[in-house]
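Structure, as structure tokens:
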Amino acid sequence: MNTEKLSNRLDTVAGFVTKGSKLADIGSDHAYLPCFLAKKGVISFAIAGEVVAGPFESARKQVLAEELSDAIDVRMGDGLDVLQPGEVDCITIAGMGGALITSILERGKEKLHSVKRLVLQPNISAISIRKWLLENSWELVGEEILEEDGKIYEILVAEKGEPERPYSTQKEAGLLLGPFLLQKREEPFKKKWSLEIANWQRIYEQLENASKTAETVQKKHELLLTIKLVEEVLAE
């Protein structure tokens, strides 16, 4: 594939990579993102990291086909293990679960000292990332939400700074829904959380029919609070 044009999801991720960055794209798959950014002259250098042999080979072949071997180094390894300290100043991780992205950042903490920007696109559980950023002195500086091919994606951008700043009001709602997304309340945002409410209500009904234990009672209570929180946000 020629990488002149990316999917809307990856194009939005690319838009948050600052010009002149030394990039690490973790879980790079076919290396479409670093190839696109290198050809546009946005990045000066990139490392495309892959832990699985098939995608690693695909990335290597893509970089060769695009004649970008001088600009992009394709490496096989787990998460940030592919990096040496100080090699990059921007990291992108797209297309994984939020918990997995969080674990990659946590395990590779010592590689983040030179990093100025994180651009993260979780498929699920963005709240896991927001909590990790908050606990590790990374300030959320931007968010986007978009729908593509029937799926809704959130993109989170963070820099070193004041992690509490985006959550000056509505902290609980901000962590779950995204403080910037909460302000904009675009159509994909409304759709995503309407679907989530419907899903939580199904789970609640299943718990209603399950054996009554301390665990199910607690879970039902938590679900009701979450549903109420999100319903109030959508009603505003």
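Numbering of the sequence shown is given in our numbering, commencing with residue 1 and proceeding in unit increments. All residues carry an ideal CB built from backbone N, CA and C; glycine is no exception. All of these numbers come straight from a predicted model, not from anything done at the bench.
Span separating the alpha-carbon of residue i from that of residue j
i, j, result
"E135", "K111", "17 Å"
"P166", "L120", "17 Å"
"K5", "C35", "11 Å"
"R9", "Q206", "34 Å"
"I91", "R107", "14 Å"
"D70", "P122", "30 Å"
"G161", "K116", "10 Å"
Beta-carbon spacing of residue i, residue j below 8 Å
i, j, result
"E187", "V230", "no"
"E159", "I145", "no"
"L83", "A24", "yes"
"V88", "K22", "yes"
"I72", "G49", "no"
"L133", "P163", "yes"
"A46", "L37", "yes"
"G20", "S44", "yes"
"P179", "L234", "no"
"G142", "F16", "yes"
"V74", "A94", "no"
Host alpha helix (DSSP H) of residue i (start-end)
i, result
"D11", "N8 to G15"
"V217", "A214 to A235"
"G54", "A53 to A65"
Residue range of the beta strand (DSSP E) that includes residue i
i, result
"S21", "S21 to I26"
"K151", "K151 to K160"
"S194", "Per DSSP, S194 belongs to no beta strand (DSSP E); it is in the alpha helix (DSSP H), E187 to E208."
Check your understanding: Okay, do the segment 96-115 and the segment 124-131 touch, 3+ Cβ pairs below 8 Å being the bar?
Key -> Cβ pair count under 8 Å is three or more, so yes.
Check your understanding: In the segment 91-145, which residue ranges form an unbroken alpha helix (DSSP H) of at least 4 residues, counting only runs that do not cross its ends?
Key -> 98-107 and 126-135
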